[in-house]
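J.: Just dropping this structure here.
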Amino acid sequence: MCRNIKTLFNFDPPVTAEEVSAASLQFVRKVCGFAKPSKANEGPFKVAVDDIATIVTRLLQSLETTAAPKNRAVEASKAKNRARRRFGEHPGSSDAGTRAREMLQPPR
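With the first letter of the sequence shown counted as 1, position 54 gets the number 56 in our numbering; the numbers rise by one all the way through.
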């Protein structure tokens, strides 16, 4: 579940509200242990996601660094290369994530 939470600090262009929200949703899902809340828990779940997003935004705005901002395209390329090394290439697929999902599916 939490594998989708990415580093959000010190990027050019800066993090978007959508990215903060997505990371907050993944965090709350991990903490709760379920991907989609029941009707009874929908309200508290949404409040938690919003609260986490607010706190993360405040944190990111208050952090300081002397390091140059990281380029998103360069970092995405590095991540793809790491995934290729980890999962290997799959014939007919350039997406390492597809290969990982295929490995997890039961045989037919």
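Cβ atoms here follow ideal geometry from the backbone N, Cα and C, with glycine treated the same way.
1) Whose CA, out of Arg86, Asp53, Ser40, Leu61, lies closest to the CA of Phe11?
2) Roughly how many angstroms separate the alpha carbons of Gly45 and Phe36, rounded to a whole number?
3) So Thr113 is in the alpha helix (DSSP H); what residue range does that whole segment cover?
4) Who are the Cβ neighbours of Val17 in its own chain at under 8 Å, not counting the five residues just before and after it?
5) Are there 16 or more other CB atoms within 10 angstroms of the CB of Arg31, so buried, or fewer, so exposed?
6) Per DSSP, what kind of secondary structure is Asn83 in: helix, strand or coil?
7) Taking the alpha carbon of Glu21 as the point to measure from, which residue in Ser40, Ala55, Thr67, Ala69 has its own alpha carbon closest?
8) Should Leu27 be labelled buried (16 or more other beta-carbon atoms within 10 Å of its own) or exposed?
9) Would you report the Cα separation of Ala75 and Lys82, rounded to the nearest angstrom?
10) Within a Cβ cutoff of 6 Å, which residues of the same chain sit near Ala25, ignoring the five residues on either side of it in sequence?
11) Run through DSSP, which three-state label would Phe13 get?
T.: Let's see:
1) Leu61
2) 14 Å
3) Nothing can be reported for residue 113: it is not among the residues displayed for the chain, which extend from 3 to 110.
4) Leu10, Phe11, Leu62
5) buried
6) helix
7) Ala55
8) buried
9) 11 Å
10) Ile7
11) strand
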